[in-house]
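Visitor: First, the structure itself, so that you have it in front of you.
2 protein chains.
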Amino acid sequence: MPNASDLLNARLPRGFSDHRGAELHIVRTMIEKLRVVYERYGFELLETPSIEYADSLGKFLPDQDRPNEGVFSFKDDDGQWLCLRYDLTAPLARYVAENFDTMSLPFRRYQIGQVFRNEKPGAGRYREFTQFDADAVGTASMAADAEFCMLAADAMAVVGLKTGEFIVKVNNRKVLNGILETIGVPSGAAGEATRVAVLRAMDKLDRLGREGVRQLLGKGRRDESGDFTPGAGLSPAAADRVLAFLAATGGGRGATCDVLAALVEDSAVGREGVAELREIDVLLAEGGFDIDRVRFDPSVVRGLAYYTGPVFEAELTFEVRDERDNPVNFGSVGGGGRYDDLVERFKGVSVPATGVSLGISRLAAALSAKGLADVAQARGPVVVAAMDKAGLISAQAIVRELRNAGISSEVYLGSGKLGAQFKYADRRGSPIAVIEGGDERAKGVVKIKDLVRGAQRAKTATSREEWRNREDVEIDVPRAAVVENVRKILSRQSG
Amino acid sequence: MPNASDLLNARLPRGFSDHRGAELHIVRTMIEKLRVVYERYGFELLETPSIEYADSLGKFLPDQDRPNEGVFSFKDDDGQWLCLRYDLTAPLARYVAENFDTMSLPFRRYQIGQVFRNEKPGAGRYREFTQFDADAVGTASMAADAEFCMLAADAMAVVGLKTGEFIVKVNNRKVLNGILETIGVPSGAAGEATRVAVLRAMDKLDRLGREGVRQLLGKGRRDESGDFTPGAGLSPAAADRVLAFLAATGGGRGATCDVLAALVEDSAVGREGVAELREIDVLLAEGGFDIDRVRFDPSVVRGLAYYTGPVFEAELTFEVRDERDNPVNFGSVGGGGRYDDLVERFKGVSVPATGVSLGISRLAAALSAKGLADVAQARGPVVVAAMDKAGLISAQAIVRELRNAGISSEVYLGSGKLGAQFKYADRRGSPIAVIEGGDERAKGVVKIKDLVRGAQRAKTATSREEWRNREDVEIDVPRAAVVENVRKILSRQSG
């Protein structure tokens, strides 16, 4: 046995976490529901490795301010740099490029996997988390973009959200570029700083409102704390034009397109973007996706530099209260868009692609908060108490019968006495405990305790007598009738 | 567009692989079947991160000859060494130690996850692969070990293997230590080299037979190529004793225990090991697990240094033929055992634990080779051809109806003509293609092609006429009857 001073300190690196029990069950159930929708849409499952060559992933990091930062990397034996994937899109581009000559396009794939960010962890920000992506590679059709809007809406519905509790917002990078063009921001490197400043200002509409955005578009903005953020330096007329652009979200999708069309009339790329949105609108309307599910919203910017056309954002619109009764908004739980250039750096030809990614843990947290997670299903196994060595074999036989009947169950195999065994069953969230002590065995009966009702009784009992009245919490049943009675109680509990 | 010389080379690092389509579907279906069994046994799902502190994982690498080699590691920002987990057991020990004061034992968890080995990849040896583990931590009861034998057997059955196509072999490290003790191999460091040599020799019984093992136990063995492997240096009498030990596998489990008991009579640890096996035997017999499913086999060694009691091995016993008609044996698809010391290095107290791990890709490969994988379920989506811009909206409507009916389907959204669209459907493994061209639309009908029957017809047709008789391969149905007819064909295909 090691000395105390030699003992290792068991701990997780910061920014990583363990998951178990009900939390994990909720995530898994949710993922299985999502899978059904994605496969119904004809997406095929792909798995790529967690590790890729650093040069294959390239500089397509989400944070365009710090390309190549935020990635876990290390050298292979042969000196080449490897890294842990930071998303599922860059590996998809590598996969398509590597198999380009033999594969059939479009490639419609979905993928669920861990991604890694070597960043300072913060509240709700982890260095490893799960992404759920779907993409269609090799299609320039707006029908693909329309389909991802429908898919996102259907995904929200299948996990239990009602229309009105979520919204899929759609914009188009070409329209954004169009409006930048009409206010005189040069394309390419010359306009880069202004472009970034304008997009950042637009992105803050939700948080700062129109006046705040107007300041950020112009000379800059001083916040309540006195901090000053320099502005994009637009003229008041240009800023007005951007604000008119942002305001074009009322009414139907067609009305939004009309406003946008007028604003970007002088820009070829802007006109192209509006035409794409109109195509998407027709397909959405045909599918019965009205503006209560999919809306056009010019304020949707999305951070990734690689988007080239339509961009999407799936947002939750309901509010829940936290334990201190403060309102909590979950906001965006996913998004995506068209990226026509990602495969090009491998193949030298443009391979149009589009897709959408869901944030699994955020969505699961929202469902839990909303009470939509299936908690009953997350219950632990039936625990059969083992009182002594002879009882162990008998307990094992009971468990086998329960398992053969499809009931999750186990014999308590620790070293604790009956009290510890009940505490164990409680911690496991067990619905039922089964006890066959010496007394019971002599009588040929088995005691069955409804732990769910027992817990309720302990809470609501107003008198000692009532609490002691355990007739409908504990019953003795003949040994041969254990499975039947356990099943009866389980169905009572879930009904 | 980049210059050709600037193009990146899309490639995977050696030892890593992509997975998609039918292969992945088979693995996933198999895992879902296994989950049901594991949860029925009362195991709770745990997820730990892919990354851990190097010192937490420790030196419990599978390959005891090269501790700490074979792990991907890199430094965190604060200078501490991180590594990618190489198995799911070391992180489990860290988890239990970290939460020891608040958790209820036994902790019965299962975990499915990627593990990483920084090793030279070879045929079928990958640097990232999936493990499927179940462990019970905090139980010294042989009932837990017996349960893992039953679990392994039930797992083989649930994925479709029949009794006789697999065997769970059980041994006990204490019995192995007992036999080493009786032949005079000193315990501890003094006997280390001999002990390793003897265990290695025993492990080769399957491959080299009794004579080969006898040579390796004694002076050494020269193989056909002339290479000489030095032996353990045992006396002929000691070697005979080991060979008698290895031979104790015929007859029932009780008979094996009797032979072993006689051989290790003089060793306290050996007697303890036999007593443990007898306990396991009683529980297995009660559960109806006869020697056609769980056998005691003294030749089971298992490589991991950390095992301290019973060890298990799940082996496939059937043979299949590869494409060159050579016999292929899959052998071991999983194993495990009792490790009572793994949490101790954190907590300073012994926490008895036992568990079993399955090799997911090996098992899936075996099921595929045996024809047990559900290939029909791995079919692609119904593909609806899109002939023109007007057709796209109509095709989208057809797809929506199919999806609402729960049928996986998609509109072809690439840029290819009808021939390319059929080729695409073929590559996707689509069961049905739906076509609504201008002619059909004018008549209010839709063409439905049974691609499965079409492929069969193309193979079996003996005359041009027969091949051309496509009446039962292609039908025109009214637009309103598309879903009904697709469903009919799908059920015909799977029936």
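From first to last, the protein sequence lines stand for chains Z and E. Counting in our numbering, the first sequence runs from 1 upward without gaps. Counting in our numbering, the second sequence runs from 496 upward without gaps. Using N, Cα and C, we set each Cβ at its ideal position, and we do this for glycine too.
Using 8 Å as the threshold, is the C-beta distance between Ala-146 (chain Z) and Ile-280 (chain Z) below it?
Guide: As a working note, residue 146 (chain Z) is residue 146 in the first sequence. As a working note, residue 280 (chain Z) is residue 280 in the first sequence. Against a cut-off of 8 Å, the Cβ pair of Ile-280 (chain Z) and Ala-146 (chain Z) comes out as a contact.
Visitor: With a threshold of 8 Å between beta carbons, is Gly-493 (chain Z) in contact with chain E?
Guide: Residue numbering aside, residue 493 (chain Z) sits at position 493 when the first sequence is read from its first letter. Correcting the residue identity first, residue 493 (chain Z) is Gln in this sequence and not Gly. Judged by the 8 Å Cβ criterion, Gln-493 (chain Z) is not in contact with chain E.
Visitor: So, under 8 Å CB-CB, Ser-430 (chain Z) and Val-382 (chain Z) are touching, yes? Tell me the CB distance rounded to an integer number of Å.
Guide: Translated into positions along the first sequence, residue 430 (chain Z) becomes position 430. Translated into positions along the first sequence, residue 382 (chain Z) becomes position 382. Their Cβ separation, rounded to whole angstroms, is 6 Å, which keeps Ser-430 (chain Z) and Val-382 (chain Z) in contact under 8 Å.
Visitor: Using the Cβ count rule (16 or more neighbours within 10 Å means buried), how would you classify Asp-761 (chain E)?
Guide: Stepping through the second sequence from its first residue, residue 761 (chain E) is reached at position 266. Counting Cβ neighbours within 10 Å, Asp-761 (chain E) comes out exposed, since fewer than 16 surround it.
Visitor: For Ile-489 (chain Z) and chain E, any beta-carbon pair shorter than 8 Å?
Guide: Walking along the first sequence from the start, residue 489 (chain Z) turns up at place 489. No, Ile-489 (chain Z) does not count as interfacial toward chain E.
Visitor: Note down, in chain order, each residue of its chain lying with its Cβ closer than 6 Å to the Cβ of Ser-551 (chain E), except the 5 sequence neighbours on either side.
Guide: The sequence position of residue 551 (chain E) within the second sequence is 56, counting from 1. So the list reads Arg-589, once near-sequence residues are dropped.
Visitor: Bridge partners of His-25 (chain Z), per DSSP?
Guide: Within the first sequence, numbered from 1, the residue matching residue 25 (chain Z) stands at position 25. According to DSSP, His-25 (chain Z) bridges with nothing at all.
Visitor: Any contact of the region 389 to 402 of chain Z with the region 432 to 441 of chain Z, i.e. 3+ C-beta pairs under 8 Å?
Guide: With a cut-off of 8 Å, the region 432 to 441 of chain Z and the region 389 to 402 of chain Z count as touching, because enough Cβ pairs lie within range.
Visitor: Out of curiosity, what's the CA-to-CA distance linking Glu-211 (chain Z) and Arg-221 (chain Z)?
Guide: The count along the first sequence starts at 1 and reaches residue 211 (chain Z) at position 211. The count along the first sequence starts at 1 and reaches residue 221 (chain Z) at position 221. Glu-211 (chain Z) and Arg-221 (chain Z): Cα-Cα distance of roughly 10 Å.
Visitor: Looking at the C-beta of Ile-393 (chain Z), does it have a partner C-beta in chain E at a distance below 8 Å?
Guide: For this step, residue 393 (chain Z) is matched to residue 393 along the first sequence. Closer than 8 Å: yes.
Visitor: Closer than 6 Å by C-beta to Gln-64 (chain Z): which residues in its own chain qualify, once you throw out the five before and the five after it? Chain order, please.
Guide: For the purposes of this step, residue 64 (chain Z) is identified with residue 64 of the first sequence, where counting begins at 1. Caution applies to Gln-64 (chain Z), whose pLDDT of 44 falls short of 50 and renders its modelled position unreliable; the value that the coordinates give is listed next. So the list reads Ala-305, once near-sequence residues are dropped.
Visitor: Mind pulling the chain E residues with CB within less than 8 Å of Leu-367 (chain Z)?
Guide: Counting from 1 along the first sequence, the entry for residue 367 (chain Z) is found at position 367. The premise fails here: Leu-367 (chain Z) is roughly 18 Å from chain E at the closest Cβ pair, so nothing lies under 8 Å.
Visitor: Indicate whether at least one CB of chain Z lies closer than 8 Å to the CB of Lys-528 (chain E).
Guide: In the second sequence, counting from the first residue as 1, residue 528 (chain E) sits at position 33. No, Lys-528 (chain E) does not count as interfacial toward chain Z.
Visitor: Just the C-alpha distance for Arg-108 (chain Z) and Asp-501 (chain E), rounded to the nearest angstrom, thanks.
Guide: Along the first sequence, one-based indexing puts residue 108 (chain Z) at 108. Along the second sequence, one-based indexing puts residue 501 (chain E) at 6. Taking the straight line joining both Cα atoms gives about 28 Å.
Visitor: Using a Cβ cut-off of 8 Å (strictly closer), state whether Glu-593 (chain E) contacts chain Z.
Guide: Taking the first residue of the second sequence as 1, we reach residue 593 (chain E) at position 98. Yes - at least one Cβ of chain Z is within 8 Å of the one on Glu-593 (chain E).
Visitor: Tell me the DSSP bridge mates of Leu-811 (chain E)?
Guide: Position 316 of the second sequence, counted from the first residue, corresponds to residue 811 (chain E). Paired residue(s): E:Phe-661 and E:Gly-826.
Visitor: Taking Ala-743 (chain E) as the reference, give the member of E:Asn-980, E:Val-879 and E:Val-795 with the closest Cα.
Guide: Here the question's residue 743 (chain E) lines up with position 248 in the second sequence. Measuring from the Cα of Ala-743 (chain E), the nearest candidate turns out to be E:Val-795.
Visitor: Pull up the distance between the alpha-carbon of Ile-475 (chain Z) and that of Ile-489 (chain Z), whole angstroms please.
Guide: Residue 475 (chain Z) sits at position 475 when you count from the first residue of the first sequence. Residue 489 (chain Z) sits at position 489 when you count from the first residue of the first sequence. Cα to Cα, the separation comes out at about 11 Å.
Visitor: Express the C-alpha separation of Glu-527 (chain E) and Glu-542 (chain E) in angstroms, rounding to a whole number.
Guide: In the second sequence, residue 542 (chain E) corresponds to position 47, counting from 1. In the second sequence, residue 527 (chain E) corresponds to position 32, counting from 1. The straight-line gap from Cα to Cα measures roughly 16 Å.
Visitor: Starting from the C-beta of Glu-771 (chain E), find all residues in its chain whose C-beta is less than 8 Å away, skip the five residues before and the five after it, and write them out in chain order.
Guide: Indexing the second sequence from 1 puts residue 771 (chain E) at position 276. Result list for Glu-771 (chain E): Met-637, Asp-640, Asn-667, Lys-669, Gly-804 and Pro-805, in chain order.
Visitor: Compute the beta-carbon to beta-carbon distance between Val-333 (chain Z) and Ala-385 (chain Z), rounded to the nearest angstrom, for a pair I have assumed lies under 8 Å.
Guide: By 1-based counting over the first sequence, the position of residue 333 (chain Z) is 333. By 1-based counting over the first sequence, the position of residue 385 (chain Z) is 385. The Cβ separation is near 43 Å, so there is no contact.
Visitor: Do the CB positions of Val-632 (chain E) and Val-846 (chain E) come within less than 8 Å of each other?
Guide: Taking the first residue of the second sequence as position 1, residue 632 (chain E) is located at position 137. Taking the first residue of the second sequence as position 1, residue 846 (chain E) is located at position 351. Cβ atoms of Val-632 (chain E) and Val-846 (chain E): closer than 8 Å.
Visitor: Using a Cβ-Cβ distance under 8 Å, would Phe-132 (chain Z) count as near chain E?
Guide: Numbered from 1 along the first sequence, position 132 holds the residue referred to as residue 132 (chain Z). It does not; no Cβ of chain E falls within 8 Å.
Visitor: Should the region 506 to 520 of chain E be regarded as contacting the region 36 to 52 of chain Z, the criterion being three or more beta carbon pairs within less than 8 Å?
Guide: Touching, yes.
Visitor: Judging by CA-CA distance, which residue of E:Ala-953, E:Ser-910, E:Arg-952 and E:Ser-986 is the nearest neighbour of Pro-106 (chain Z)?
Guide: Position 106 of the first sequence, counting from 1, holds the residue named residue 106 (chain Z). For Pro-106 (chain Z), the nearest C-alpha among the options comes from E:Ser-910.
Visitor: For the region 194 to 210 of chain Z against the region 222 to 238 of chain Z, do three or more pairs of beta-carbon atoms, one drawn from each stretch, fall closer than 8 Å, so that the two count as touching?
Guide: Counting Cβ pairs under 8 Å, three or more are found: they touch.
Visitor: Taking Cβ-Cβ distances shorter than 7 Å, what residues in chain E pair up with Glu-410 (chain Z)?
Guide: On the first sequence, position 410 is the one that residue 410 (chain Z) refers to. In chain order: Tyr-536, Gly-537 and Arg-603.
Visitor: For Gln-215 (chain Z), which residues from the same chain have a beta carbon less than 6 Å from its beta carbon, with the 5 sequence-adjacent residues on both sides left out?
Guide: Position 215 of the first sequence, counting from 1, holds the residue named residue 215 (chain Z). Within the same chain, Gln-215 (chain Z) has close Cβ partners Arg-221.
Visitor: Between Ala-631 (chain E) and chain B, is the shortest Cβ-Cβ distance under 8 Å, so that the two count as touching?
Guide: In the structure shown, chain B does not exist; the protein chains are Z and E.
Visitor: Whose Cβ in chain Z lies nearer than 9 Å to the Cβ of Leu-778 (chain E)?
Guide: To locate residue 778 (chain E), count along the second sequence from 1; it is residue 283. Near Leu-778 (chain E) (Cβ distances below 9 Å), the residues of chain Z are Leu-392, Ile-393 and Gln-396.
Visitor: Report the three-state DSSP secondary structure of Glu-128 (chain Z) (helix, strand or coil).
Guide: By one-based count along the first sequence, residue 128 (chain Z) stands at place 128. Here Glu-128 (chain Z) sits in strand by DSSP.
Visitor: Rounded to a whole number of angstroms, what is the C-alpha to C-alpha distance between Gly-673 (chain E) and Val-764 (chain E)?
Guide: To locate residue 673 (chain E), count along the second sequence from 1; it is residue 178. To locate residue 764 (chain E), count along the second sequence from 1; it is residue 269. In a straight line, the C-alpha of Gly-673 (chain E) is about 6 Å away from that of Val-764 (chain E).
Visitor: For a test of your reading of the model: does the CB of Gly-673 (chain E) fall under 7 Å from any non-hydrogen atom of the ligand ZN? Yes or no.
Guide: Absence of the ligand ZN from the depicted structure is noted, as is the absence of any ligand whatsoever, leaving it without description.
Visitor: Taking Cβ-Cβ distances shorter than 8 Å, what residues in chain Z pair up with Glu-542 (chain E)?
Guide: On the second sequence, residue 542 (chain E) is found 47 positions in, with the first residue counted as 1. The contacting residues are Asp-18, His-19, Arg-20 and Leu-24.
Visitor: Which bits of chain Z does Tyr-581 (chain E) rub up against, with CB to CB less than 9 Å?
Guide: Indexing the second sequence from 1 puts residue 581 (chain E) at position 86. Chain Z residues near Tyr-581 (chain E): none, gap ~13 Å exceeds 9 Å.
Visitor: If contact means a Cβ-Cβ distance below 7 Å, which residues of the region 332 to 346 of chain Z contact chain E?
Guide: Answer set for the region 332 to 346 of chain Z: Glu-344, Arg-345 and Phe-346.
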